[in-house]
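Peer 1: These protein sequence lines map, in sequence, to chains A and B.
Taking my numbering, the leading residue of the first sequence gets 59, the next gets one more, and so forth.
Taking my numbering, the leading residue of the second sequence gets 59, the next gets one more, and so forth.
All C-beta atoms in this analysis are idealised placements derived from N, C-alpha and C, irrespective of residue type, glycine included.
Only a predicted model underlies this, so the values are computations on that prediction, with no experimental measurement involved.
2 protein chains.
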Amino acid sequence: MYYIGIDVGGMSIKGGLVTENGAIVARHTVETQRYDENYGIADDLRKVIDGVLAAGNTDLSQIVGIGIGQPGSVDSERGIIRYSNNIPLENIPVVAQLKQYYDVPVYINNDANCAALGEYVFGAGKGYRDIVFVTLGTGVGSGIIIDGKLFEGRECAGAEAGHMVIVCGGEPCNCGRRGCWEAYASVSALIRQTKAAMEKDPSSLMHEEAAAEGKVSGKTAFVAAKRGDRTAQEVVDKYIYYIGEGLVNLADIFRPDAILLGGAISKEGESLTVPLQKKMNAEAFGSKFNPGIAVKIASLRNDAGILGAAALINAYQRS
Amino acid sequence: MYYIGIDVGGMSIKGGLVTENGAIVARHTVETQRYDENYGIADDLRKVIDGVLAAGNTDLSQIVGIGIGQPGSVDSERGIIRYSNNIPLENIPVVAQLKQYYDVPVYINNDANCAALGEYVFGAGKGYRDIVFVTLGTGVGSGIIIDGKLFEGRECAGAEAGHMVIVCGGEPCNCGRRGCWEAYASVSALIRQTKAAMEKDPSSLMHEEAAAEGKVSGKTAFVAAKRGDRTAQEVVDKYIYYIGEGLVNLADIFRPDAILLGGAISKEGESLTVPLQKKMNAEAFGSKFNPGIAVKIASLRNDAGILGAAALINAYQRS
Numbered sequence: 059m060y061y062i063g064i065d066v067g068g069m070s071i072k073g074g075l076v077t078e079n080g081a082i083v084a085r086h087t088v089e090t091q092r093y094d095e096n097y098g099i100a101d102d103l104r105k106v107i108d109g110v111l112a113a114g115n116t117d118l119s120q121i122v123g124i125g126i127g128q129p130g131s132v133d134s135e136r137g138i139i140r141y142s143n144n145i146p147l148e149n150i151p152v153v154a155q156l157k158q159y160y161d162v163p164v165y166i167n168n169d170a171n172c173a174a175l176g177e178y179v180f181g182a183g184k185g186y187r188d189i190v191f192v193t194l195g196t197g198v199g200s201g202i203i204i205d206g207k208l209f210e211g212r213e214c215a216g217a218e219a220g221h222m223v224i225v226c227g228g229e230p231c232n233c234g235r236r237g238c239w240e241a242y243a244s245v246s247a248l249i250r251q252t253k254a255a256m257e258k259d260p261s262s263l264m265h266e267e268a269a270a271e272g273k274v275s276g277k278t279a280f281v282a283a284k285r286g287d288r289t290a291q292e293v294v295d296k297y298i299y300y301i302g303e304g305l306v307n308l309a310d311i312f313r314p315d316a317i318l319l320g321g322a323i324s325k326e327g328e329s330l331t332v333p334l335q336k337k338m339n340a341e342a343f344g345s346k347f348n349p350g351i352a353v354k355i356a357s358l359r360n361d362a363g364i365l366g367a368a369a370l371i372n373a374y375q376r377s
Numbered sequence: 059m060y061y062i063g064i065d066v067g068g069m070s071i072k073g074g075l076v077t078e079n080g081a082i083v084a085r086h087t088v089e090t091q092r093y094d095e096n097y098g099i100a101d102d103l104r105k106v107i108d109g110v111l112a113a114g115n116t117d118l119s120q121i122v123g124i125g126i127g128q129p130g131s132v133d134s135e136r137g138i139i140r141y142s143n144n145i146p147l148e149n150i151p152v153v154a155q156l157k158q159y160y161d162v163p164v165y166i167n168n169d170a171n172c173a174a175l176g177e178y179v180f181g182a183g184k185g186y187r188d189i190v191f192v193t194l195g196t197g198v199g200s201g202i203i204i205d206g207k208l209f210e211g212r213e214c215a216g217a218e219a220g221h222m223v224i225v226c227g228g229e230p231c232n233c234g235r236r237g238c239w240e241a242y243a244s245v246s247a248l249i250r251q252t253k254a255a256m257e258k259d260p261s262s263l264m265h266e267e268a269a270a271e272g273k274v275s276g277k278t279a280f281v282a283a284k285r286g287d288r289t290a291q292e293v294v295d296k297y298i299y300y301i302g303e304g305l306v307n308l309a310d311i312f313r314p315d316a317i318l319l320g321g322a323i324s325k326e327g328e329s330l331t332v333p334l335q336k337k338m339n340a341e342a343f344g345s346k347f348n349p350g351i352a353v354k355i356a357s358l359r360n361d362a363g364i365l366g367a368a369a370l371i372n373a374y375q376r377s
């Protein structure tokens, strides 16, 4: 028997045929469209599902269930996409729409929640009881596992740690608040911080790196810092400081076994985890008496979404 | 049958004989001492327990269990006071010590957790499923109820929302970090903010209020603001802004049904809840689509500790 996991993104909708052990044995991907009443996201999800079944040379009788990871606010109890910014959607009863065609359990959840669950079941979170998963990407997302279950808050609207203010009155955030963690710890924030530092230091190697890449990216400061550029190192240190402030906040609130970092920036590996683990050990509340918290890089990379969505099926059947 | 609830504080240890419906029918209080190997906190807890039994004209055969609310870090699973600042204590196996004398279930938990549970079972939190309770006192404490159960984090070391940084690099906090919520939203923080404003405005009514009271207190700015003093109003507005920043953070993370405010400052009632509810409605993530969150004053006042400690007994027997 197999699971189908689907990872909905702003650019593409990726599906995978997943075994019980978390191996992806077949894949199918379609480009994300602009959806309206005539052609809805459910139509593309059907293309992905049918494509995955065909690629795996199998049919619905071999499928335990279908799981979908979706950006934005998702009502997982009712199977509704409440709203999403990046792919403009509002109140889409996507589970009911798919159930008309597929007579298997269908689940949907927020994409960061899915990634957290994927890491918990198949990745770096395996063996822990409580984890906090943080994606450092275009935005800052979070997924929280307590006692082996996704913690979602009322009507699945919680776990939005990226919108925790860490700098009162600071940088404006898309959510309407000022000083959100996301406005300091996302890739977009790092790019802003990198550009500001480059403007002040025309001799920084970051200019060379940006020219070579054709743009300022989330890598610019990290690469230049590794080459010994002092201004770049300052950008990296300050950026990691901001990540750490949010991580220690979450540590004090949840005191999980481990915090896992995913998203584009997590590719920096030990450049992130070494200073962040040090900060965690020093600053988490009552460090002398209370249990320590591991800071680790998530391990599933691009497949976290598909695997996490597939893991939704058992996560829900358990309760 | 009765419960015994004990509220350990820096000044006194208060005990109550509590009915199933949360009525306190007898009380006994002793002064908090400095404890050492010869005279431990368990000795004073015994005085309180025996005093409560005597005051209630009853004995242990009528007691379902004993609950204790203790400031600081408490290992509730093992029944150990891990450490406490205000009453200097380290690694005291207080439950085992009491069990030698009382053959009934004995539970201990952090005082803010107990107050949260008390409000949930007997007070303003009745009827909700998930609540966050915040005490605005000398410090800022928090207690979190998820699905009707205390959420404590690993080894009961979580729920320290007062040490969430809301101003990166801001005011120093006792915990070693800078910019903690506690350093902006506690009574001590309000007094600091009040004094700073008074220094800048010698004509403010706050000087008159402080002289009348003999000191600058948590009430100074609130009282002067009600008399129309503009500088005092600015102090109050800014202080409420800081409280609100932390509350909206907790709303985005937990998305509970309600947030309850306790502690000394909560006596300001609607002066707090009206602006904070407004801020919550406007700023909680995805307010347009997501469920609203009530901001309310906790209702049990000084008895929250005793009642919450008593409520520990059933909370634990349930699981």
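1) Can you tell me the Cβ-Cβ gap for V192(B) and E240(B), rounded? I've got them flagged as a contact below 8 Å.
2) Measure how close the beta-carbons of F312(A) and D188(A) come, nearest whole angstrom, since I'm counting them as under 8 Å.
3) Per DSSP, what kind of secondary structure is Y300(A) in: helix, strand or coil?
4) By how many angstroms is the C-alpha of P314(A) removed from the C-alpha of I203(A)?
5) When the Cα atoms are used, what is the spatial distance from I64(B) to L334(A)?
6) Going by the beta-carbon positions, is the gap between L358(B) and Y165(B) smaller than 7 Å?
7) Between S131(A) and chain B, is the shortest Cβ-Cβ distance under 7 Å, so that the two count as touching?
8) Assuming A356(A) and L318(A) form a contact by the criterion Cβ under 8 Å, report the distance between their Cβ atoms to the nearest whole angstrom.
9) Just list the residues that DSSP pairs E89(A) with in beta bridges.
10) In chain A, what lies closer than 7 Å to H265(B) by C-beta?
11) Given a limit of 7 Å on CB to CB distance, which residues of the stretch 59 to 80 of chain A reach chain B?
12) Classify S261(B) as helix, strand or coil using the three-state DSSP reduction.
13) Could you tell me which residues DSSP pairs with I355(B) in its beta bridges?
14) Which first and last residues belong to the beta strand (DSSP E) in which E148(B) is found?
15) Can you name the start and end residues of the alpha helix (DSSP H) that Q335(A) belongs to?
16) Between which residues of its own chain and T331(B) is the CB-CB distance below 8 Å, once the five residues before and five after are set aside?
17) Determine the direct distance from the alpha carbon of P349(A) to that of D361(B), and round the result to whole angstroms.
18) Does V274(A) have its Cβ less than 7 Å from a Cβ in chain B?
19) Between G211(B) and chain A, is the shortest Cβ-Cβ distance under 7 Å, so that the two count as touching?
20) Taking the alpha carbon of Q120(A) as the point to measure from, which residue in P163(A), N144(A) and I351(A) has its own alpha carbon closest?
21) On the premise that K253(A) lies in contact with V274(A), defined as a C-beta separation below 8 Å, what is that separation, rounded to the nearest angstrom?
22) Answer with buried or exposed for P230(A), where buried requires no fewer than 16 other C-beta atoms within 10 angstroms of its C-beta.
23) When the distance is taken between beta carbons, is M264(A) closer than 7 Å to A243(A)?
24) According to DSSP, simplified to helix, strand and coil, what is G199(A)?
25) Measuring CA to CA, which of A84(B), I249(B), Y141(B) and G114(B) is closest to I99(B)?
26) Whole angstroms is fine: what's the gap from E271(B)'s alpha carbon to R288(B)'s?
27) Indicate whether the contact test is met: 3 or more Cβ pairs, each with one atom in the stretch 293 to 306 of chain B and one in the stretch 153 to 161 of chain B, closer than 8 Å.
28) Closer than 7 Å, CB to CB, is C231(B) near chain A or not?
29) Would you mind sorting A173(B) into buried or exposed? The rule is 16 or more other CB atoms within 10 Å of its CB.
30) Out of M69(B), N143(B) and N167(B), point me to the one whose CA is closest to V153(B)'s CA.
31) Determine the direct distance from the alpha carbon of V110(A) to that of Y93(A), and round the result to whole angstroms.
32) Report yes or no: is there a C-beta of chain B within less than 7 Å of the C-beta of G183(A)?
33) Secondary structure at V76(B), three-state DSSP: helix, strand or coil?
34) Does the Cβ-Cβ distance between V88(B) and I71(B) come in under 7 Å?
35) Counting C-beta neighbours from all protein chains within 10 Å, is the total for K337(B) 16 or more, i.e. buried, or is it exposed?
36) Would you tell me roughly how many angstroms separate the C-alpha atoms of A316(B) and V190(B), rounded to the nearest one?
Peer 2: Looking at the coordinates:
1) As a working mapping, residue 192(B) is identified with position 134 in the second sequence. As a working mapping, residue 240(B) is identified with position 182 in the second sequence. For V192(B) against E240(B), the beta-carbon gap comes to about 11 Å, at or over 8 Å, which does not count as contact.
2) Residue 312(A) sits at position 254 when you count from the first residue of the first sequence. Residue 188(A) sits at position 130 when you count from the first residue of the first sequence. Rounded, the Cβ-Cβ distance is 7 Å, consistent with contact.
3) Here residue 300(A) is taken as the residue at index 242 of the first sequence, counted from 1. In this structure, Y300(A) counts as helix in the three-state DSSP scheme.
4) As a position in the first sequence, residue 203(A) is number 145, starting the count at 1. As a position in the first sequence, residue 314(A) is number 256, starting the count at 1. So the two alpha carbons sit approximately 9 Å from each other.
5) Against the second sequence, residue 64(B) aligns to sequence position 6. Against the first sequence, residue 334(A) aligns to sequence position 276. Cα to Cα, the separation comes out at about 40 Å.
6) Looking up residue 358(B) in the second sequence gives position 300. Looking up residue 165(B) in the second sequence gives position 107. The answer is no: Cβ separation not under 7 Å.
7) Here residue 131(A) corresponds to residue number 73 of the first sequence, with the count starting at 1. Yes, contact with chain B.
8) The residue given as residue 356(A) occupies position 298 in the first sequence. The residue given as residue 318(A) occupies position 260 in the first sequence. Between A356(A) and L318(A) a beta carbon distance of about 4 Å is seen, short of the 8 Å cut, so the two are scored as contacting.
9) Your numbering for residue 89(A) matches position 31 in the first sequence. Note: E89(A) sits in a beta bridge opposite S70(A).
10) In the second sequence, residue 265(B) corresponds to position 207, counting from 1. Correct list: empty, because the minimum Cβ distance to chain A is about 28 Å.
11) Per Cβ criterion, the list is empty.
12) By one-based count along the second sequence, residue 261(B) stands at place 203. The DSSP-derived three-state label of S261(B) is coil.
13) Counted from its first residue, the second sequence places residue 355(B) at position 297. Answer is L319(B), bridged to I355(B).
14) Locating residue 148(B) in the second sequence gives position 90, where the first residue counts as 1. L147 to I150 is the extent of the beta strand (DSSP E) around E148(B).
15) To locate residue 335(A), count along the first sequence from 1; it is residue 277. Secondary structure note for Q335(A): its alpha helix (DSSP H) is the uninterrupted segment E328 to E341.
16) Here the question's residue 331(B) lines up with position 273 in the second sequence. Contacts found: L319, V353, K354 and I355.
17) By 1-based counting over the second sequence, the position of residue 361(B) is 303. By 1-based counting over the first sequence, the position of residue 349(A) is 291. Distance between the alpha carbons of D361(B) and P349(A) is about 32 Å.
18) Along the first sequence, one-based indexing puts residue 274(A) at 216. Answer no: the Cβ-Cβ gap between V274(A) and chain B never drops below 7 Å.
19) If you number the second sequence from 1, residue 211(B) lands on position 153. When Cβ-Cβ separations below 7 Å define contact, G211(B) makes contact with chain A.
20) Here residue 120(A) refers to the residue found at position 62 when the first sequence is read from its first residue. Cα-wise, what sits closest to Q120(A) is P163(A).
21) What you label residue 274(A) is simply residue 216 of the first sequence in a count that begins at 1. What you label residue 253(A) is simply residue 195 of the first sequence in a count that begins at 1. Going by Cβ atoms, the distance from V274(A) to K253(A) rounds to 5 Å, so yes, they are a contact pair.
22) For this step, residue 230(A) is matched to residue 172 along the first sequence. When all chains shown are included, P230(A) counts as exposed.
23) Residue 243(A) sits at position 185 when you count from the first residue of the first sequence. Residue 264(A) sits at position 206 when you count from the first residue of the first sequence. A243(A) is not a Cβ neighbour of M264(A), given a cutoff of 7 Å.
24) Position 141 of the first sequence, counted from the first residue, corresponds to residue 199(A). Judged by DSSP in its simplified three-state form, G199(A) adopts strand.
25) Reading the second sequence from its first residue, position 41 is the one you call residue 99(B). For the residues A84(B), I249(B), Y141(B) and G114(B), the minimum Cα distance to I99(B) belongs to Y141(B).
26) Here residue 271(B) refers to the residue found at position 213 of the second sequence. Here residue 288(B) refers to the residue found at position 230 of the second sequence. Roughly 20 Å between the two C-alpha positions.
27) Touching, no, given that fewer than three Cβ pairs across the two stretches are closer than 8 Å.
28) Taking the second sequence and counting its residues from 1, the one referred to as residue 231(B) is at position 173. Using beta-carbon distances, C231(B) does not count as an interface residue toward chain A, since no partner is under 7 Å.
29) The sequence position of residue 173(B) within the second sequence is 115, counting from 1. Counting Cβ neighbours within 10 Å, A173(B) comes out buried, since at least 16 surround it.
30) Taking the second sequence and counting its residues from 1, the one referred to as residue 153(B) is at position 95. The closest CA to that of V153(B), considering only M69(B), N143(B) and N167(B), is found on N167(B).
31) Taking the first residue of the first sequence as position 1, residue 93(A) is located at position 35. Taking the first residue of the first sequence as position 1, residue 110(A) is located at position 52. When rounded, the distance between both Cα atoms is 21 Å.
32) Taking the first residue of the first sequence as position 1, residue 183(A) is located at position 125. Chain B contact via Cβ: absent.
33) Taking the first residue of the second sequence as 1, we reach residue 76(B) at position 18. Three-state result, V76(B): strand.
34) In the second sequence, the residue the question calls residue 88(B) occupies position 30. In the second sequence, the residue the question calls residue 71(B) occupies position 13. A contact, by the Cβ cut-off of 7 Å.
35) Taking the first residue of the second sequence as position 1, residue 337(B) is located at position 279. When all chains shown are included, K337(B) counts as buried.
36) In the second sequence, residue 316(B) corresponds to position 258, counting from 1. In the second sequence, residue 190(B) corresponds to position 132, counting from 1. In a straight line, the C-alpha of A316(B) is about 7 Å away from that of V190(B).
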